[in-house]
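A.B. asks: Sharing a structure here in structure tokens format.
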Amino acid sequence: MNNYFGVKTLVLLMLTAFTLSGCNDAPKIALCVNPLTYTDIPDIDVLRTGDDFYMVSTTMYFCPGAPVMHSRDLVHWEIISYIFDVLEDDDVYNLRDGRNAYGKGQWATSLKYHNGEYYALFIANDQGRTYIYHTDDITRSNWGRYVIDRPFHDAGLLFEDGRVFVAWGNTNIYLTELEPDFSGVKGEDKLLFTTPEGYMLGDEGTHFYHIGDWYYALTINWPVKGIRTETCWRSRSLEGPYESKDVLHGTLGGRASDGVAQGAIFDTPNGDWYAMMFQDHGAVGRIPTLQPLTWVDEWPILGNNGVPVEEFEVNLPESGIERVWAGDEFDSPELDLVWQWNHKPLDDKWSLTAREGFLRICPKKATGIFDARNVLTQRTVGPACESSVSLDVSGLRPGDRAGICAFQSHFCSIGVECREDGKYIVGTDFERGEVYCEKLDSDKVFLKLSYDFSDDTARMSYSRDSQAWIQPDYVLQMRYTLDFFTGYRTALYCYNVEAEEGGFADFDWFRQNLAD
Numbered sequence: 263m264n265n266y267f268g269v270k271t272l273v274l275l276m277l278t279a280f281t282l283s284g285c286n287d288a289p290k291i292a293l294c295v296n297p298l299t300y301t302d303i304p305d306i307d308v309l310r311t312g313d314d315f316y317m318v319s320t321t322m323y324f325c326p327g328a329p330v331m332h333s334r335d336l337v338h339w340e341i342i343s344y345i346f347d348v349l350e351d352d353d354v355y356n357l358r359d360g361r362n363a364y365g366k367g368q369w370a371t372s373l374k375y376h377n378g379e380y381y382a383l384f385i386a387n388d389q390g391r392t393y394i395y396h397t398d399d400i401t402r403s404n405w406g407r408y409v410i411d412r413p414f415h416d417a418g419l420l421f422e423d424g425r426v427f428v429a430w431g432n433t434n435i436y437l438t439e440l441e442p443d444f445s446g447v448k449g450e451d452k453l454l455f456t457t458p459e460g461y462m463l464g465d466e467g468t469h470f471y472h473i474g475d476w477y478y479a480l481t482i483n484w485p486v487k488g489i490r491t492e493t494c495w496r497s498r499s500l501e502g503p504y505e506s507k508d509v510l511h512g513t514l515g516g517r518a519s520d521g522v523a524q525g526a527i528f529d530t531p532n533g534d535w536y537a538m539m540f541q542d543h544g545a546v547g548r549i550p551t552l553q554p555l556t557w558v559d560e561w562p563i564l565g566n567n568g569v570p571v572e573e574f575e576v577n578l579p580e581s582g583i584e585r586v587w588a589g590d591e592f593d594s595p596e597l598d599l600v601w602q603w604n605h606k607p608l609d610d611k612w613s614l615t616a617r618e619g620f621l622r623i624c625p626k627k628a629t630g631i632f633d634a635r636n637v638l639t640q641r642t643v644g645p646a647c648e649s650s651v652s653l654d655v656s657g658l659r660p661g662d663r664a665g666i667c668a669f670q671s672h673f674c675s676i677g678v679e680c681r682e683d684g685k686y687i688v689g690t691d692f693e694r695g696e697v698y699c700e701k702l703d704s705d706k707v708f709l710k711l712s713y714d715f716s717d718d719t720a721r722m723s724y725s726r727d728s729q730a731w732i733q734p735d736y737v738l739q740m741r742y743t744l745d746f747f748t749g750y751r752t753a754l755y756c757y758n759v760e761a762e763e764g765g766f767a768d769f770d771w772f773r774q775n776l777a778d
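Going by my numbering, the sequence shown opens with residue 263, and the numbers climb by one from there.
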């Protein structure tokens, strides 16, 4: 008996040692710390095909539009393509005759996979139409498209037994059948459900699913004495009747009035379920959070019994990188996917090859940055970050202005203005105009914007050698405003306030770093 236990103990010790040694080679489990990425990624939809997850988001007036992000662990996301280059080549997207798409453009995409094809449906309020883009390769940009001359607000797309439906609306949520070839509407609108009394924001942001025996419509709403809430409506019949239950109600990060809601639910190859929901987060924008999902009596309950979770392990091996923003040395002939133009660019007025290792922007006449062409933008990132550029202004001509801008309707910028008597470093505020001015005695300058999203402030600074920085006595109180409906971005610009044509500005590099 003693020998038996001695052998058994030895075997157990050997197995334990083998198991522990094997742990060093085991894949690391992905850890989610919310917010998932501290940057503006609103109106989320997520789709899984195989082991790959794809996420789309609203970028409104920026071009190219509707970014597609990829992940394998639901924690690390990288932009891999854009659904379209520009919605329409019209006065709106060319910033002509005072027209623009600020606060409009592409809204709330519904992403589906059906019969080997990816579909992305969204409205554009500036066009008053619904767009359905499609591709068999989601990693390629610029998909084919169908257009329906009718807007379906915040629509959720559903393929069902050879038929196509959208659930859409605000307060009143309707079901509308589309022609299978997306050529138009088939039949009449059917009212599915109506938000009850006591809400200052009725149900909208619909995501529509057929899971098991149930049809589920997930929506957001806002009770009068509450916060933004995620509600699930369900029915065993496509056309109802629908019953409802709040499935996520709460805040994150001590933001007492900013609920977490609107987004997608999805499963993993392991059979686990998760949800991606965003939170309003002040000037940085609307930021994504990942939430666990538990099925309770066939209701999808998010977070911890309906309360948002700040940190948890995802039952997937850690994989990939986060790349929805990045620095750029401008040493590639192709523009990095982290960049988007403000409206449609003039392709003959910018170049990554005219001067090797530089981004060159040639100005067109504009009254200011909001109607300037070829303004190049990138997301900022919280809780605090710094965006800086190295700028060669030797090519500027009188009337040219070039620099960087904290881009939203309440903006500030710091850059170089070329005047008849020389070049000047100028700081500008959206309301006060010029807030700083100093003569520049060189053709190379370094510019920086420092963002702090704990109090939504931004500061500008410049340097002649990238070591000693001069910071004007100025602070921008950033505000997330609905006239633009996007979080603050750093914008690189060059335009002329006097002449139709000017010189050029050469940006040597762009760097964005998280700040302490």
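Even glycine gets a Cβ: it sits at the ideal position worked out from N, Cα and C.
(1) Using three-state DSSP, classify L420 as helix, strand or coil.
(2) Apart from the five residues on each side of it in sequence, which residues of its chain come closer than 6 angstroms, Cβ to Cβ, to F708?
(3) Using beta-carbon positions only, say whether Y395 and S671 come within less than 9 angstroms of one another.
(4) Provide the residue span of the beta strand (DSSP E) that contains D768, from first to last.
(5) On the three-state DSSP scale, how would you describe F592?
(6) For E762, which three-state DSSP category applies?
(7) Could you tell me which residues DSSP puts in a beta bridge with N434?
(8) Rounded to whole angstroms, what's the CA-CA distance from F613 to D465? Just pull it up for me.
(9) For V224, does the three-state DSSP call read helix, strand or coil?
(10) Going by Cα to Cα distance, which pick from V678, D714, C294 and G657 is closest to I666?
(11) Can you tell me the Cα-Cα spacing of A730 and E648, whole angstroms?
(12) Please list the terminal residues of the continuous beta strand (DSSP E) segment that includes P550.
(13) With H, G and I counted as helix, E and B as strand and the rest as coil, what does DSSP make of T278?
(14) Taking R641 as the reference, give the member of Y757, D691, F427 and I341 with the closest Cα.
(15) Measuring CB atoms only, is the region 287-299 touching the region 500-509, in the sense that at least three cross pairs come out at less than 8 angstroms?
(16) So R498 packs on D475, CB below 8 angstroms; how close in whole Å?
(17) Would the beta-carbon of P442 fall within 9 angstroms of that of G460?
(18) Under 8 angstroms: do the region 625-633 and the region 373-385 share three or more Cβ pairs, one atom per stretch?
(19) For the region 681-700 against the region 734-746, are there 3 or more C-beta pairs whose distance is under 8 angstroms?
(20) Identify the residues that DSSP records as bridge partners of A314: which are they?
(21) How is the beta strand (DSSP E) around W535 delimited, first residue to last?
(22) So, at 8 angstroms on beta carbons, what are the nonlocal neighbours of C285 in its own chain, with the 5 sequence-adjacent residues on each side left out?
(23) In chain order, which beta strand (DSSP E) runs of at least 3 residues are fully inside the region 695-764?
(24) Under 9 angstroms between the Cβ atoms of I306 and P562?
(25) Decide if the region 319-334 is in contact with the region 574-589; the criterion is three or more beta carbon pairs, one per stretch, under 8 angstroms apart.
(26) Alpha carbon to alpha carbon, what distance is there between Q541 and L776?
(27) Could you have a look at F673 and say whether DSSP puts it in helix, strand or coil?
(28) Whose C-alpha, out of S372, V558, S519 and D610, is nearest the C-alpha of H469?
(29) Decide if W557 is buried, meaning its Cβ has at least 16 other Cβ atoms within 10 Å, or exposed.
(30) Going along the chain, which residues of its own chain have a beta-carbon closer than 6 angstroms to the beta-carbon of D770, five neighbours each way excluded?
(31) Return the CA-CA distance between P595 and A429, expressed in angstroms with no decimal places.
(32) With a cut-off of 8 angstroms on the beta carbons, I'd call D705 and D662 a contact; round off their distance for me.
(33) Using CA coordinates, which residue listed in R773, G533, L349 and I482 is at the minimum distance from D313?
(34) For S283 and P554, what's the separation of their Cα atoms in angstroms?
(35) Restricting to Cα atoms, I'd like to know which of R751, V759 and A761 is closest to T321.
(36) Rounding to the nearest angstrom, what Cα-Cα distance links L440 and G449 in this structure?
C.D. replies: So, from the listed chains and residues:
(1) For this step, residue 420 is matched to residue 158 along the sequence shown. Three-state result, L420: strand.
(2) On the sequence shown, residue 708 is found 446 positions in, with the first residue counted as 1. Closer than 6 angstroms at Cβ, skipping near neighbours: S652, S725 and S728.
(3) If you number the sequence shown from 1, residue 395 lands on position 133. If you number the sequence shown from 1, residue 671 lands on position 409. In this structure, S671 does not lie closer than 9 angstroms to Y395 by Cβ.
(4) Here the question's residue 768 lines up with position 506 in the sequence shown. A767 to L776 is the span of the beta strand (DSSP E), which, as asked, contains D768.
(5) Sequence index remark: in the sequence shown, residue 592 carries index 330 (1-based). Reduced to three states, the DSSP call for F592 is coil.
(6) By 1-based counting over the sequence shown, the position of residue 762 is 500. Three-state result, E762: coil.
(7) Here residue 434 refers to the residue found at position 172 when the sequence shown is read from its first residue. Within the DSSP bridge table, the entry for N434 names N432 and T456 as partners.
(8) Stepping through the sequence shown from its first residue, residue 613 is reached at position 351. Stepping through the sequence shown from its first residue, residue 465 is reached at position 203. In the sequence on display, residue 613 carries Ser and not Phe. Taking the straight line from one Cα to the other gives about 45 angstroms.
(9) The requested residue 224 is not part of the displayed model; the chain covers only 263 to 778.
(10) By 1-based counting over the sequence shown, the position of residue 666 is 404. With distances taken between Cα atoms, I666 lies closest to V678.
(11) The count along the sequence shown starts at 1 and reaches residue 730 at position 468. The count along the sequence shown starts at 1 and reaches residue 648 at position 386. Distance between the alpha carbons of A730 and E648: 15 angstroms.
(12) Against the sequence shown, residue 550 aligns to sequence position 288. Run containing P550: R548 to V558, per the beta strand (DSSP E) assignment.
(13) Residue 278 sits at position 16 when you count from the first residue of the sequence shown. Because T278 sits at a pLDDT of 39, beneath the cut-off of 50, its placement in the model cannot be relied upon, and the following sentence gives the value as read from the coordinates. Note: T278 maps to helix in three-state DSSP.
(14) Within the sequence shown, residue 641 is the residue found at index 379, counting from 1. It is I341.
(15) Between the region 287-299 and the region 500-509 there are fewer than three inter-stretch CB-CB distances shorter than 8 angstroms, so the stretches are not counted as touching.
(16) As a first step, residue 498 is located in the sequence shown; it is residue number 236 there, counting from the start. As a first step, residue 475 is located in the sequence shown; it is residue number 213 there, counting from the start. The pair is a contact, with the Cβ atoms about 6 angstroms apart (cut-off 8 angstroms).
(17) Along the sequence shown, read from residue 1 onward, the residue named residue 442 stands at position 180. Along the sequence shown, read from residue 1 onward, the residue named residue 460 stands at position 198. Contact flag unset, no.
(18) Judged by Cβ distances under 8 angstroms, the region 625-633 makes no contact with the region 373-385, as fewer than three pairs qualify.
(19) Result yes; three or more Cβ-Cβ pairs closer than 8 angstroms.
(20) The residue given as residue 314 occupies position 52 in the sequence shown. A small fix is needed here, since residue 314 is Asp in this sequence, not Ala. According to DSSP, D314 bridges with T311.
(21) Taking the first residue of the sequence shown as position 1, residue 535 is located at position 273. W535 to D542 is the span of the beta strand (DSSP E), which, as asked, contains W535.
(22) As a working mapping, residue 285 is identified with position 23 in the sequence shown. Confidence in C285 is poor, its pLDDT being 44 and thus under 50, which makes the residue's placement too unreliable to answer from.
(23) If only complete runs of 3 or more residues are kept, the region 695-764 shows the beta strand (DSSP E) at 695-702, 706-714, 719-725 and 751-758, in order along the chain.
(24) Position 44 of the sequence shown, counting from 1, holds the residue named residue 306. Position 300 of the sequence shown, counting from 1, holds the residue named residue 562. The answer is no: Cβ separation not under 9 angstroms.
(25) Yes, they touch.
(26) Here the question's residue 776 lines up with position 514 in the sequence shown. Here the question's residue 541 lines up with position 279 in the sequence shown. Straight-line spacing of the CA atoms in L776 and Q541 works out to 20 angstroms.
(27) On the sequence shown, residue 673 is found 411 positions in, with the first residue counted as 1. Here F673 sits in coil by DSSP.
(28) What you label residue 469 is simply residue 207 of the sequence shown in a count that begins at 1. For H469, the closest of S372, V558, S519 and D610 by C-alpha to C-alpha distance is S372.
(29) Reading the sequence shown from its first residue, position 295 is the one you call residue 557. So W557 ends up on the exposed side.
(30) As a first step, residue 770 is located in the sequence shown; it is residue number 508 there, counting from the start. So the qualifying residues of the chain are F620 and S652.
(31) Within the sequence shown, the letter at position 333 stands for residue 595. Within the sequence shown, the letter at position 167 stands for residue 429. The straight-line gap from Cα to Cα measures roughly 42 angstroms.
(32) The sequence position of residue 705 within the sequence shown is 443, counting from 1. The sequence position of residue 662 within the sequence shown is 400, counting from 1. 13 angstroms between Cβ atoms; not a contact.
(33) Translated into the one-based positions of the sequence shown, residue 313 becomes position 51. Comparing Cα-Cα distances from D313 to each of R773, G533, L349 and I482, the minimum goes to G533.
(34) Here residue 283 refers to the residue found at position 21 when the sequence shown is read from its first residue. Here residue 554 refers to the residue found at position 292 when the sequence shown is read from its first residue. Its pLDDT being 39, under 50, S283 is placed unreliably in this model, and the value from its coordinates should be taken loosely. Looking at the two C-alpha atoms, the distance is approximately 31 angstroms.
(35) Position 59 of the sequence shown, counted from the start, is the residue given in the question as residue 321. Minimum Cα distance to T321 is reached at R751.
(36) By one-based count along the sequence shown, residue 440 stands at place 178. By one-based count along the sequence shown, residue 449 stands at place 187. Cα to Cα, L440 sits roughly 8 angstroms from G449.
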